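So that you can map any letter, position 276 of the sequence shown is 276 in our numbering, and since no number is skipped, the others follow by simple counting. Each residue gets a CB set at the ideal place from its N, CA and C atoms; glycine is no exception. Fair warning: this is a prediction, and the values are worked out from it, not measured in the lab.
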Amino acid sequence: MMKNKKNKKDFQMPHIYVILFVIIGLASLLSYIIPSGTFDREEVDGVTQIIPDTFHIVESSPVTFFEFMTSIPRGIQETVIIIFGILAIGAMFKVLERAGIINLAIDGLMKAFGQKKVLIIPVIAFSLALVVSLTGMIEASLIFLPAFIPLFLKLGYDRLTATATILISTVVGFTVGLTPAANLGTAQTIAELPLFSGMGYRALILVVMLLIGILFVIFYTKRMNKYPNGSLISNPDENESFLKDEALMSSKTNKRVLIAGIFFLLSLGFMFYGIFAQGWYFIELAGFYLLTGVISGLIAGLKPSKIAESMNDGMNQILLGALIVGVARAISIVLADGQILDTMINSLSSVVTLLPDTLVPVAMMVVQGLINFLIPSGSGQAAATMPIMIGLVDLTNMTRQTAVLAFLMGDGFSNIFYPTSGYFMAALAIAKIKYNEWIKFIWPLLIIWYVVGAIFLVIAQLIEYGPF
1 MMKNKKNKKD FQMPHIYVIL FVIIGLASLL SYIIPSGTFD REEVDGVTQI IPDTFHIVES
61 SPVTFFEFMT SIPRGIQETV IIIFGILAIG AMFKVLERAG IINLAIDGLM KAFGQKKVLI
121 IPVIAFSLAL VVSLTGMIEA SLIFLPAFIP LFLKLGYDRL TATATILIST VVGFTVGLTP
181 AANLGTAQTI AELPLFSGMG YRALILVVML LIGILFVIFY TKRMNKYPNG SLISNPDENE
241 SFLKDEALMS SKTNKRVLIA GIFFLLSLGF MFYGIFAQGW YFIELAGFYL LTGVISGLIA
301 GLKPSKIAES MNDGMNQILL GALIVGVARA ISIVLADGQI LDTMINSLSS VVTLLPDTLV
361 PVAMMVVQGL INFLIPSGSG QAAATMPIMI GLVDLTNMTR QTAVLAFLMG DGFSNIFYPT
421 SGYFMAALAI AKIKYNEWIK FIWPLLIIWY VVGAIFLVIA QLIEYGPF
């Protein structure tokens, strides 16, 4: 009995690479079991879309050993711009740390909130949710995570609180955003709806879902403070790695550091201009991060060699999180190699037609949530599934706008649950949080979100959420 208990206690969650490699292997094996099939596709306004009712079985093409062997390198090749963008984030923030700019910002925020430290959670959450709801840049969580973790630690919270605040707020902003082009824009374009229409109802859902998420995080912090073992983090010693640079820079702040901090804030404004007005993505953002880091370091008084060393250290610190994005992409690559992705989409979609009209949008949300494991890209999932869903919608009394909303909630919330979500797994790696610890924390919130989401979808069905 004691031996069994000891073995149970000694169990450790496998490394994330192991988890992803096993999933890649299972996906490859499924190509020998699931029939190969495909939809016909057409290109509309530069977007490749599935043509509904064209699914057909094709000759079996199971994943070969060579395709399996090269799936991870191909995944990294397809996501190399995103990977370098993440590395550039690490480089920039390490320079900001070494220059004392992060420590300056943390001290300022701690003085501003004083004894009301709990207010930092809703303030950051609403700010990030608003930014992501407008830009669709869910990867913003990776930009701010290295800066906010030391702040939360100094306020007496743990790394999970900081990570949860950032991931929850950004995923809500992405899921029911106001004007995110990648997921919402693509879905509404395919559904032939006015771009970004239905904004009022989405704004209501956004506020409700965000408040639920904020209260969930605050409840966790209360429990953490009340009980000695309230934190779900099993490796608190890792906190030192987030605080050591701040400790080195805790001496008096000179004017050069202050000027560098002001420059960095102004540069963030320029970054948002680039995202909103110029359509910047990871190529432009990666260059922006590197240049901002260099200029900020020089203004603060760092020597060029020190800046270079800091950037190298920052990239090394965030390397695991960056590479995870490419490894996770390998899963969808082997599914495409085996030509079973369309078969799985077709099978899941057909389930929707078996339900009464009132429950159709809820079923769509569930189906989209399952498909998101296979296609973690919002725009990619919209292009793959929305033509089919719109075809099903036209056979029911459901509006196309409701179908888009079902897609958004099915696709969105699961982005902070599935290990195939590259940016999410990168965030956990950056924060040094184990996947099983995160799942233990987040699963109750996801259930609440999906239940509330189902209620909003039923209401949307009843009020004929439109314009059509």
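What whole-angstrom Cβ distance do A363 and G75 have, given they're in contact under 8 angstroms?
Rounded, the Cβ-Cβ distance is 31 angstroms, inconsistent with contact.
Residue range of the alpha helix (DSSP H) that V362 falls in?
360-374
Among F424, F417, N436, P356, the one whose alpha carbon lies nearest that of V458:
P356
How close, in whole Å, do the beta carbons of A191 and I390 come, if the pair is a contact with beta carbons under 8 angstroms?
5 angstroms
Closer than 7 angstroms by C-beta to G466: which residues in its own chain qualify, once you throw out the five before and the five after it? Chain order, please.
T399, Q401
Exposure of P361, with buried meaning 16 or more beta-carbon neighbours within 10 Å:
buried
Endpoints, the alpha helix (DSSP H) within which V458 is located:
435-462
Does the Cβ of A247 have 16 or more other Cβ atoms within 10 Å, making it buried, or fewer, making it exposed?
For A247, the pLDDT reaches just 45, beneath the cut-off of 50, and the residue's location in the model is therefore unreliable, although a value from the coordinates is still provided. Classification of A247: exposed, given that the 10 Å Cβ count is below 16.
Among the residues of its own chain, which have a CB less than 8 angstroms from the CB of P419, if the five just before and after it don't count?
I16, I19, L20, I23, A328, M425, Y435
Exposure of L184, with buried meaning 16 or more beta-carbon neighbours within 10 Å:
buried
For A105, decide whether its Cβ has a neighbour in chain D, counting only Cβ atoms nearer than 8 angstroms.
Structure shown: chain D not included; a single protein chain is present.
Quick check: the stretch 96-113 against the stretch 376-391, are at least 3 beta-carbon pairs closer than 8 angstroms?
no
Taking the alpha carbon of S231 as the reference point, which residue from P73, G156, F39, G301 has its own alpha carbon closest?
G156
Could you check which residue in L87, S36, A27 has the C-alpha nearest to that of F288?
L87
Considering only C-alpha positions, which residue in the set I447, I388, K432, K440 is nearest to S414?
I447
Tell me the rounded alpha-carbon separation between A187 and N225.
43 angstroms
Using the beta-carbon count (16 or more within 10 Å), is K111 buried or exposed?
exposed
Does the stretch 29-41 come into contact with the stretch 338-357, if we say contact requires no fewer than three beta-carbon pairs (one atom in each stretch) closer than 8 angstroms?
yes
Proximity of T170 and A129 at Cβ, strictly below 8 angstroms
yes
Boundaries (first-last residue) of the alpha helix (DSSP H) holding E309
304-337
Tell me whether G37 sits in a helix, a strand or coil according to DSSP, three-state version.
strand
Just how far apart, CA to CA, sit Y281 and L142?
14 angstroms
4-residue-minimum alpha helix (DSSP H) runs that sit fully inside the stretch 156-191, ordered along the chain:
159-175, 186-190
Tell me whether the stretch 295-306 and the stretch 252-261 touch, counting them as touching only if at least three CB pairs, one residue from each stretch, are closer than 8 angstroms.
yes
Decide if N372 is buried, meaning its Cβ has at least 16 other Cβ atoms within 10 Å, or exposed.
buried
Go through its chain and collect everything with a Cβ distance to T396's Cβ below 8 angstroms, but skip five positions before and after it.
D357, V360
Continuous alpha helix (DSSP H) assignments of at least 4 residues falling wholly in the stretch 23-94:
65-78
P387 burial status per 10 Å Cβ neighbour count (16 or more: buried)
buried
Could I get the ranges of all uninterrupted alpha helix (DSSP H) runs contained in the stretch 374-436, with 4 residues as the minimum, in chain order?
378-393, 400-412, 422-431
Whether S133 touches P194 by CB criterion (8 angstroms):
no
Under the assumption that T292 contacts S267 (Cβ atoms under 8 angstroms), give the Cβ distance between them as a whole number of angstroms.
5 angstroms
Of all the options K440, F468, G25, which has the alpha carbon lying nearest to the alpha carbon of S234?
K440
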